[in-house]
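The opening position of the sequence shown corresponds to residue 29 in the working numbering, with each subsequent residue numbered one higher. We treat Cβ as the ideally placed atom computed from N, Cα and C, and that holds for glycine.
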Amino acid sequence: MKHRVFATTSLSLLLEAGLFLSGDAHAGGLVVCDNCVNPRQIAASSGTGTTLVVDLAQVKLHGFEVEYDRELKRYRAITTAVPSPVSSAFQRIMGLANQDASASSLGAPQAAGNGAVIPVHPDDPGAANGIVFPEELKDYSAYDVVQSATGRARLESRIGAAFSGATTGSTAWNSISTTLSSVGLSFVSRLFGVDSVTYKITWRDGSQTHLVIEPNSVDQARYVKGKSRDAQGNPIPDASATGPEAGDIFAGDHYFPDPLTMREWMQAAKLYGMQLDDSGIETLRLRCTWNGETIACSSW
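#1: Within the region 70-126, note down every full beta strand (DSSP E) run reaching 3 residues or more, in order along the chain.
#2: Please state whether DSSP places Pro263 in a helix, a strand or coil.
#3: Could you compute how far the alpha carbon of Ala144 sits from the alpha carbon of Ile323?
#4: Taking the Cβ atom as the reference point for each residue, do Gln260 and Ala170 lie within a distance shorter than 8 angstroms?
#5: With burial defined as no fewer than 16 other Cβ atoms inside 10 Å of the residue's Cβ, what is the status of Pro113: buried or exposed?
#6: Taking the beta carbon of Thr333 as the centre, do at least 16 other beta carbons fall within 10 Å, making it buried, or is it exposed?
#7: So what does DSSP say about Arg257, is it helix, strand or coil?
#8: Could you tell me whether the Cβ atoms of Ile204 and Val225 are closer together than 8 angstroms?
#9: When the Cα atoms are used, what is the spatial distance from Thr178 to Ala249?
#10: Is it buried or exposed for Lys255, if we count other Cβ within 10 angstroms and need 16 for buried?
#11: Let me know if Glu164 comes out buried or exposed under the rule of 16 or more other beta-carbons within 10 Å of its beta-carbon.
#12: Ordered along the chain, which non-local residues of its own chain (more than five positions away) have a Cβ less than 6 angstroms from that of Phe284?
#13: Assuming Gly77 contacts Val60 under a Cβ cut-off of 8 angstroms, what Cβ separation, rounded to an integer in Å, is found between them?
#14: Since Ser192 and Val246 are thought to touch, with beta carbons under 8 angstroms apart, how far apart are those beta carbons, to the nearest angstrom?
#15: For the putative contact between Thr317 and Ala279, defined by C-beta atoms under 8 angstroms, what is the C-beta separation to the nearest angstrom?
#16: How long is the line joining the alpha carbons of Asn319 and Gly221, rounded to whole angstroms?
#17: Do Leu239 and Ile121 have their C-beta atoms closer together than 8 angstroms?
#18: Go ahead and pull the three-state DSSP assignment for Tyr171.
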């Protein structure tokens, strides 16, 4: 889908933010019109189909269905409701600019370098975590994400869709919402320094998974390796176990509440190539060392 951007009083602001897109004059889809005086006219100039006019400066959205009137030989823009997932995603992203002021509230973004970290729990009521958590993923654990490439891809895709508002049931609106989220996050990134959003998921069993969303891939919440933790705080082995950061993450002592939990950790460790001596599992303790190339763990 092509998109055309219009701007009024703040064209230079949009140029600095890297948001000046170009496309066919009758492309439809997403149109940016900052401080927009007549969004209907702007929409009519964009071409036939579902069109969303976004005013970044005023944080407003205007939805239209544009059609061509053959008798009058001109385009008409008819007002249509913007789906709730689209408007919610837009408000959520634009609200990241105020993250420092709102970080103390439940589920609000927290400053973390140049990104925002959003605490998430599958059972947060009323979408307090900023998204509607996918029902079919609520029983996941960090181990499910680490050990299953299919499960991990499903999580990345579903959380990305929830973040970007691409859950409307309409292909056209989902595409527009994804583009809108990318434009919005780029705008917030360039002007306010919030260049990413990290969802810090605490699962029902207490384990944790981190997913990061960036402007160029808002529809995919990318798994962050080396950040997964079990309920006891032990780092869960993943692809980082074979990287240069492995020593910083895994070297040291790890404690487990029962043999089942320890075996689950060791299963993940074997999957990602860590050297294990699994004798003495009854101690419920593992000591891991790093020789500069591999991690080796044994009970003690």
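Quick look at the numbers:
#1: 77-83, 88-97 and 102-107
#2: strand
#3: 32 angstroms
#4: no
#5: buried
#6: Because the chain is modelled from 29 through 328, residue 333 falls outside the range shown and cannot be assessed.
#7: strand
#8: no
#9: 14 angstroms
#10: buried
#11: exposed
#12: Met290 and Leu312
#13: With a Cβ gap of about 17 angstroms, Gly77 and Val60 do not count as contacting.
#14: 5 angstroms
#15: 6 angstroms
#16: 38 angstroms
#17: no
#18: helix
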